[in-house]
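Q: Residue numbers (the working numbering): 9 to 87.
This structure is in structure tokens; I'll ask about it shortly.
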């Protein structure tokens with residue numbers, strides 16, 4: 009059902025350690041991942057101080073867009 013859930017828009021919970029490895033360049037030194045969800049290739053991460061949206065683009069997924077939404081301000085980073 010994993011593939012059908014993703015196609016229907018149902019996100020699945022992701023292991024926090026897996027997400028921390030994937031976001032090691034984005035996370036602050038002491039920042040912890042509370043919970044993360046994966047929707048096909050995109051990831052939604054809830055940290056203590058902010059929400060991080062990771063959007064993989066293109067066929068290969070090499071282009072990644074990160075949106076960091078702190079509880080007070082917003083900025084985005086794309087490379």
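A virtual CB, placed ideally from N, CA and C, is assigned to each residue, including glycine.
Please report how far the alpha carbon of residue 69 lies from the alpha carbon of residue 78, in whole angstroms.
A: Your numbering for residue 69 matches position 61 in the chain shown. Your numbering for residue 78 matches position 70 in the chain shown. If you take the alpha carbons of residue 69 and residue 78, they lie about 25 Å apart.
Q: What span of residues does the beta strand (DSSP E) with residue 71 cover, start to end?
A: Your numbering for residue 71 matches position 63 in the chain shown. Looking at the DSSP string, the run of the beta strand (DSSP E) that includes residue 71 is 71-78.
Q: Just mark residue 37 as buried or exposed, buried being the case when its beta carbon has 16 or more other beta carbons within 10 Å.
A: Start at 1 with the first residue of the chain shown, and residue 37 comes out as number 29. Exposed, by the Cβ-count rule.
Q: Measuring alpha carbon to alpha carbon, tell me which of 67, 18, 62, 49 ends up nearest residue 33.
A: Taking the chain shown and counting its residues from 1, one reaches residue 33 at position 25. For the residues 67, 18, 62, 49, the minimum Cα distance to residue 33 belongs to 62.
Q: From 71, 56, 35, 72, pick the residue whose C-alpha is nearest to that of residue 80; which is it?
A: Position 72 of the chain shown, counting from 1, holds the residue named residue 80. Residue 56 is the option with its Cα nearest to residue 80.
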